[in-house]
Every structure is written in C-alpha cells, then in structure tokens.
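Counting from -7, one number per residue, gives the positions in the sequence shown under the numbering used here. C-beta atoms are modelled at their ideal positions from N, C-alpha and C, and glycine is treated no differently. Below is one structure, written out as structure tokens, with a few remarks after it.
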Amino acid sequence: MSQILPDIGPNGPRAFFPELPLQPKARFVCLGDSITEAQPGYVSLLGAFVTAAYPERQVQFINAGVSGNRVIDLLPRLRRDVVDRKPDWVTIMIGVNDVWHDFLPALQGVPLDEFTRSYRQVITTLREQTGARLLLITPTCIGEDRENPENRRLAAYVQAVKDLGQESGLPVIDMNRRFWDVIAAGRAVNPEFSLTTDGVHPTLVGHMVIATTILAALASLARSGPTA
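Okay, here's the thing in structure tokens:
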C-alpha cells in the first residue's frame, strides 16, 4: 500500500527558511566576478528559491557579476551596476581574481594592501550612496587543494574581508570556510568529490552551496535585526 504524504500546503518551501528579512519588492544586488555572473548560478538559485517560498513578495535578484573582475574593477561600475538600481540589499563576493591572476600569464592580481584599500572604498561608496544593507562574502577557492600556493595566498584575502567586516560593523559570510567544509565532507566518502568545474568556477552543487549559505545567513539576520 502506498503512503499518502500530508499536504504541506502553499507554504511548504518556507519550511527550509521560515524567516527571511526581505520585504515585498525588495531589490537584492549580487556584486562580484564570474562566479556571480554565472547563468544559471547562485543568483538565479536565490531568486528561484525566494520566489517559490515567498511568491507574494516579488523580491528582485539582480546579477551584478562581471567575469574577470577584481576589487579594483568594481569601483568604476558601482554607480551603473549597483547604486542606480536602488538596492535594498547588496552582497559583495570578490577576491578570487585578485589572487588567481598573479598565477596566470598576461594577467595581474591585486596586492593585499591595495585589495583592502579598494574594498574599503567599495563599502564606503555603497554606504554613502545607497541605503542598502551590505553583506560581505569571503572568496571561495582557487583549486580544491587547500594547501596549494594560490589558496595559501588567498587565505590572507579571506582574512582581510573578515577584518573589514569587523572594522565596518558589517556581517560577513565565510564562504571560503563553507566550501572547504563541504569539500572535506564529500571527499570523506568520495575522493573525486568536487564543487568546481576547474578549481574556481562552481558546479551546480557549488552554486547551491553558495545560495543556501546566503539564505541561511539571511535567516539568521531575520532573527536578530530589522527587515529591508
């Protein structure tokens, strides 16, 4: 005999994240590099999940990712891609190319001190020119070997983002740690487990990790602060 499962009703998807601090018609801009720009990627997953769970809110997720961007590339386009869109929320996930490009021919990364200075300027500009709530997100990985030269250098940039969050009183989502935790759990049972296609760009599962981690962070903020 088959089992008839109880009807979960129209609010079923909300069971995963019953509280999200997103008001009706909120505009949520995701700023970053190719990891953000990816289609489909974590930005589209965020939009799909929030719409499925809260269709009446009509939250708009806006992709402001540009392939190859470093933190210094964000500054010239902040007005066009973020400020002019009148966001209620902005996530900033940048830093992979600032390190990775130093390991690639004919490309140039961004030294740590310049990275920190430019990132601080991004925060200041967004605070002065928008009323958005800002979420800082640490960069993910460069190759899935935590001890390779790229990731060893990236660790300092991850820490810089955390320090900027502390300095500015902004929440930080440690996506770097989340990626390594998921990779370790997956490889405990399957040595070939991976969250990226090439060491940098996420698979669909990698994008799901990013999206659900952001949603979990938003749910945590909903329990501790006002909505926007």
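Residue from Pro68, Tyr34 and Arg145 with nearest C-alpha to Asn55: Tyr34
Assumed close pair Val114, Leu70 - CB separation to whole angstroms, cut-off 8 angstroms: 7 angstroms
Pick from Ala177, Gly57 and Leu38 that is closest to Gln50, judged by C-alpha positions: Leu38
Residues that DSSP places opposite Leu23 in a beta bridge: Ala56 and Ile84
Residue burial classification, Pro10 (beta-carbon count within 10 angstroms, cutoff 16): exposed
Complete alpha helix (DSSP H) runs within the region 61 to 135 (minimum length 4 residues, chain order): Qualifying alpha helix (DSSP H) stretches, in chain order: 63 to 66, 70 to 73, 88 to 92 and 104 to 121.
Alpha-carbon to alpha-carbon, Tyr46 and Leu210: Between the alpha carbons of Leu210 and Tyr46 lies a distance of about 14 angstroms.
4 or more residues per run - each alpha helix (DSSP H) lying fully within the region 125 to 192: 141 to 160 and 167 to 179
Proximity winner among Asp90, Pro141 and Pro32, relative to Ala152 (alpha-carbon distances): Asp90
DSSP bridge partner residues for Pro247 (one or two, in chain order): Residue 247 is absent from the structure shown; the chain starts at -7 and stops at 220.
8 angstroms Cβ cutoff met for Leu234 and Ile165: Because the chain in this structure spans residues -7 to 220, residue 234 falls outside the shown range and cannot be described.
Limits of the alpha helix (DSSP H) - the one that Ser216 falls within: Taken as a continuous stretch (DSSP letters only), Ser216 belongs to no alpha helix (DSSP H), as it is neither H nor E.
Simplified DSSP assignment, three categories, for Ala208: helix
Secondary structure of Ala18, DSSP reduced to three states: coil
Separation of Arg19 from Ala220, as counted between CA atoms: With a pLDDT of only 44 at Ala220, under 50, the local geometry of the prediction cannot be trusted, and no value is derived from it.
Which listed residue (Asp137, Arg170, Pro163 and Thr108) has its alpha carbon closest to that of Ala214: Pro163
Check: Tyr149 C-beta below 7 angstroms from any heavy atom of the ligand NAP: In the structure shown, the ligand NAP is absent, as is every other ligand, since no ligand is present at all.
Coil, strand or helix - Glu48 by DSSP: helix
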